[in-house]
Amino acid sequence: MRDELIVSGLTVRFAGLTALDDVGFTVAPGSVHAVIGPNGAGKSTCFNVLSGVYRATEGSVTFGGTELTTLAPHRIAALGIARTFQNIALSRHLSVEDNLMLGRHRLTKAGFLSAGLRLPRARREDARHRARVRDIAEFVGVGDHLAAPVGMLPYGVQKRIELARGLAMEPRLLLLDEPVAGMNGTERQRMADVIVRARADLGISILLVEHDMGMVMRLADEVTVLDFGKRIAGGPPADVQRDPAVLRAYLGAAHEPTAGTATATEEEERERA
Amino acid sequence: MSETLRRPAFWALAGGTALLLALPFYLDAFWLQTGLFAISAAIGAIGLNLLTGATGQLSMGHAFFLAVGAYGYVYLASDDGAHVSGLGVPTPLAFVGAVVLAGVAGGLFSPIAGRLRGTYLGIASLALIFVGQHLLMNVEGVTGGFNGRDVPPLELFGLRFDDSPDLVVFNIPLGALERLWFLAVALLIPAAWIARGIVRGRPGRAMNTIRDHEVAASVMGVPVARYRAGVFVLSSMYAGAAGALLALVFRRTVPEYFGMFLSLDYLAMIVIGGLGTAAGAIAGAVFVSVLPQLLTRFGGELPLVSAPGTGGVSPAEAARILYGAAVVAVVLFLPGGLVGLWTRLRLRITARRRPPAPLTRLDNKEQPA
Ligand SMILES: Nc1ncnc2c1ncn2[C@@H]1O[C@H](COP(=O)(O)OP(=O)(O)O)[C@@H](O)[C@H]1O
Ligand SMILES: [Mg+2]
C-alpha cells in the first residue's frame with residue numbers, strides 16, 4: 003500500500019551486541035505510531051536503520067513497497083522520509099533559515115554552476131523555497147529566530163528547529179527521535195500541539211520515539227514497545243499501558259524516571275490541574 | 046538597483062576594485078610582483094577554502110594541483126623545443142586547458158576524495174605531493190626536470206603580456222607585471238564571486254552540513270560522497286588557475302616550489318584569513334604573501350633577520366615562523382580569522398549606533414514555566 007511502512011524481522015547486531023532482535027511493526031499511512039522502551043532498548047538504532055544510517059543485519063523495511071535496507075540515506079530521503087535526531091544535529095554556525103533550507107535540498111536543483119553564476123532559475127528557486135521555509139518556521143514557532151545562528155539559541159528552540167527542518171523536507175513519513183526530551187512541561191505541550199497540527203494539516207505519517215507516556219497516550223494511534231532490542235508488546239496505547247510485560251520493563255528501568263507509567267500518569271494529572 | 050547602491054558592501058566592493066585597478070600605476074616592480082603573488086594565491090586559497098573551510102575536507106595536495114595548472118599551461122602553450130615538448134596551443138586556450146587539466150587531475154583523485162573524511166583525506170592527499178615531485182623531476186620531456194621550463198607569455202586579443210614596449214597609459218608604460226596585474230584582477234573577481242555564490246547557495250549549505258554533521262547532511266538528501274568529490278574537483282580547478290597565473294608571473298616553473306611547504310602555506314592562508322569564505326581566503330593570501338616580502342624589504346632593520354646565507358634567520362624563514370605563530374594565535378584567540386575579526390568589529394560599531402531596544406513584557410507563552 004502507498005506510504006505504508008512495514009518493518010519485519012529486523013535484526014541489528016554490533017560486535018557482540020544485539021541492538022534489535024527480530025523486530026516487526028507497521029505504520030499505517032497518516033497515523034502516528036509511537037516506539038517506546040527503556041534507554042538502550044534499540045529505538046534510535048531502529049531509526050538509524052530506517053533512515054539508512056545503519057545497515058540491518060537481517061530483515062526488511064519497506065516504504066510504499068520500496069525496500070529501504072539497501073538504500074543510501076540520501077536515496078531514502080528522496081522517497082520522502084525525514085527524521086530528527088535525539089541529539090541535536092544542526093549546523094551551529096548557519097542561520098536558522100539556512101538550516102531549514104537544507105531540508106529543501108531534495109526538492110531543489112541548483113548546483114555549483116547555477117549557484118555560482120546566480121542563474122535566474124537558481125535565484126527563483128531560492129526565493130520560492132525561502133518563502134515556504136519561513137511559513138514552516140512560523141508554523142513550528144521559530145519564525146522570530148530565522149536570521150540567528152542556531153548555536154546561539156536555547157536548547158528548546160533548537161529542538162523545534164530540528165522538527166522544522168524535518169517538515170521542510172515535505173516528508174510523507176516523519177521520524178521523530180525523542181522530540182521533547184529535556185523540555186519542560188510548557189515546551190512539551192507546545193511541541194505536542196505542533197506535531198498534532200502537522201499530522202492534521204499535512205496528512206503525513208509520523209513515527210515517534212518518546213519516553214513521556216502522557217504524550218504517547220495523547221498523540222499515538224499505535225504503540226510498539228521495545229525492550230533489550232525485542233518487541234515485547236504492541237497495539238493501541240490504552241492496551242499497551244496495561245500490558246504486564248510493559249510494566250515490568252519500565253519498572254526495571256528505575257534510572258529513567260520520566261519513563262515509568264506511574265510518573266507519566268502523575269504528570270498528566272498535573273497538566274490537567 | 047537603488048537598493049544595491051545604498052548597501053555599504055557594494056561601495057566597499059566598488060572602492061576595492063577601483064583601488065586594485067589603480068595600484069599598478071603607483072607600485073614599483075617589487076610590490077607589483079608581490080601583489081601578483083598575493084592575487085594568484087588568493088585564487089588558489091579560495092579553492093582550498095571551499096574544500097577545507099566550507100566542507101571540512103583537509104587537503105595537503107593543493108600544491109600538486111597548482112603544479113598541474115602551472116606545468117599544464119606551459120606544456121600546452123609552448124612549441125616543441127630541443128629537449129622539451131609542447132603542443133603550441135594558443136595561449137588563452139592553454140590557460141583554460143590548464144584549469145581543465147587540474148580539474149581532471151582532481152577528478153582522478155576524487156574516488157578517494159569522495160570516500161575519505163576530514164583529516165583522513167589530508168593524510169591521503171599528502172601522497173599527491175610526493176607523486177607530483179617525482180613526476181616533475183623525472184618526466185623531463187614535459188616538465189623540464191630539475192631546471193624547470195620557461196613560461197611563454199600570454200597573448201590575448203593581440204596584446205602580449207610581456208615587456209614589449211608599445212603599451213602606454215597615462216604616460217606610464219605598462220610592462221609585463223602591470224599587464225598581468227589587470228589580468229589577475231580580472232580572474233580574481235569572478236573567482237571570488239562564483240565561490241561566494243556557491244557557498245551562500247544550495248551547494249554551500251550542503252557542504253557546510255557535511256562539515257558540521259555528515260549524517261544529518263545525508264539523511265536530508267545530500268549525496269555526501271558525490272559532493273565531496275565535486276568540491277575536490279572544483280578546488281583543484283581553482284588551484285589550476287592559480288598555478289597557471291603564478292607561472293605567468295614567475296616566467297619560469299621549477300619543481301621545488303610545488304612542495305609540501307606550499308600546501309602548508311595555503312592552509313595557513315585560509316586559517317589566518319578565515320575558514321569557509323572567499324573573503325577569508327583573500328585576506329589570508331594577502332597576509333601570507335606580503336609578510337615575507339615585507340621582511341625582505343625591511344628585514345635589515347629588524348633584529349635577528351638577515352640576508353640568506355649570513356648566519357641569521359632569513360626573511361623567508363622569519364616569515365614562516367611569524368605566520369606559524371599567526372596560525373596558532375588565530376586558532377586560540379580569533380576563531381573566524383581576520384575576516385571574523387572584521388565582522389566582530391563591524392557588529393560592535395553598528396550595535397553602538399543603534400539605540401538599545403526597549404524591554405517588553407515577556408509574551409505569556411515565553412514566560413518560564
Ligand atoms: N554504532 C553503535 N555501535 C555499537 N553499539 C551501538 C551503536 N549504536 C547503538 N548501540 C548500542 O545499541 C543499543 C541500543 O541503543 P539505542 O538504539 O541508542 O537505544 P535507545 O535509543 O532505545 O535508547 C545500546 O546498547 C547501544 O549501546
Ligand atoms: Mg535513543
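Chains as they are written, first to last, in my numbering: chain S, 3 to 275; chain D, 46 to 414. Every residue, glycine too, gets a C-beta built ideally from N, C-alpha and C.
The alpha carbon of Val294/D has as its nearest neighbour, out of Gly60/D, Val119/D, Phe110/D and Thr100/D, the alpha carbon of Val119/D. Buried is the label assigned to Lys161/S, since at least 16 other Cβ atoms lie within 10 Å of its Cβ.
DSSP places His107/D in the helix class (H, G or I) of the three-state scheme. Here DSSP, grouped into helix, strand and coil, assigns Glu69/S to strand.
When Cβ-Cβ separations below 7 Å define contact, Ala286/D makes no contact with chain S. Closer than 8 Å at the C-beta level to chain S, one finds no residue of the segment 370–395 of chain D. Within the segment 264–288 of chain D, the residues whose Cβ lies closer than 7 Å to some Cβ of chain S are Val264, Met265, Gly266, Val267, Pro268, Gly275 and Leu279, listed in chain order. With a threshold of 16 other beta carbon atoms within 10 Å, Asn183/D falls short and is exposed. Contacts between Asn253/D and chain S, judged by CB atoms closer than 9 Å, involve Ser93, His95, Leu96, Asp100 and Leu104 in chain order.
Using a cutoff of 6 Å, the CB of Ser280/D does not count as near ligand 2, since none of the ligand's heavy atoms is closer than that. Within chain D, no residue has its beta carbon less than 9 Å from that of Leu73/S; the closest one is some 11 Å off.
Applying a distance threshold of 7 Å between residue Cβ atoms and the heavy atoms of ligand 2 selects Lys45/S, Ser46/S, Gln88/S, Asp179/S, Glu180/S and Val211/S, given in chain order. Of all alpha-carbon atoms in Ile255/D, Phe202/D and Val333/D, the one lying nearest the alpha-carbon of Leu228/D is that of Phe202/D.
Secondary structure at Leu121/S: coil, using DSSP grouped into helix, strand and coil. Interface criterion met: the Cβ of Arg247/D is under 7 Å from a Cβ in chain S. By the neighbour-count definition (other C-beta atoms within 10 Å, threshold 16), Glu189/S is a buried residue. For Gly18/S, the shortest separation between its Cβ and any heavy atom of ligand 1 does not lie below 6 Å. Ala240/D is positioned such that its CB atom lies closer than 7 Å to that of Ile91/D. By alpha-carbon distance to Leu249/S, the top candidate from Glu140/S, Met215/S and Asp5/S is Met215/S. Not a single C-beta of chain S is nearer than 7 Å to the C-beta of Gly319/D.
Listed by position along chain D, the residues whose Cβ is nearer than 7 Å to that of Val55/S are Val260 and Val264. Contact of Ile327/D with chain S is not assigned, every C-beta pair being separated by 7 Å or more.
The C-beta of Ile243/D comes closer than 7 Å to at least one C-beta of chain S.
In this chain, the alpha helix (DSSP H) harbouring His76/S covers Pro75 to Ala80.
Taking a beta-carbon distance threshold of 7 Å, Asp257/D counts as an interface residue toward chain S.
When Cβ-Cβ separations below 7 Å define contact, Ile239/D makes contact with chain S. For Pro173/S, same chain residues with a beta-carbon under 7 Å away, outside a window of 5 residues either side, are Gly82, Ile83, Ala84 and Ile206 in chain order. Contact note: Gly113/S reaches chain D through Pro248, using a C-beta cutoff of 7 Å and chain order. When rounded, the separation of the alpha-carbon atoms in His131/S and Leu93/D is 29 Å.
Put simply, the CB of Gly118/S is near chain D, with a gap under 7 Å to one of its CB atoms. The beta carbon of Thr47/S sits closer than 6 Å to the beta carbons of Val14, Ala21 and Leu22 from its chain, once the five residues preceding and following it are set aside; these are given in chain order. Ser130/D carries a coil assignment under DSSP once its states are collapsed to helix, strand and coil.
At the C-beta level, Asn101/S and Arg199/S stay beyond 7 Å of one another. DSSP links Pro151/S through a beta bridge to Ser97/S. If you draw a straight line from the Cα of Ile168/D to the Cα of Pro380/D, it is about 24 Å long. Contact note: His107/S reaches chain D through Arg247, Arg250, Ala251, Met265, Gly266 and Val267, using a C-beta cutoff of 8 Å and chain order.
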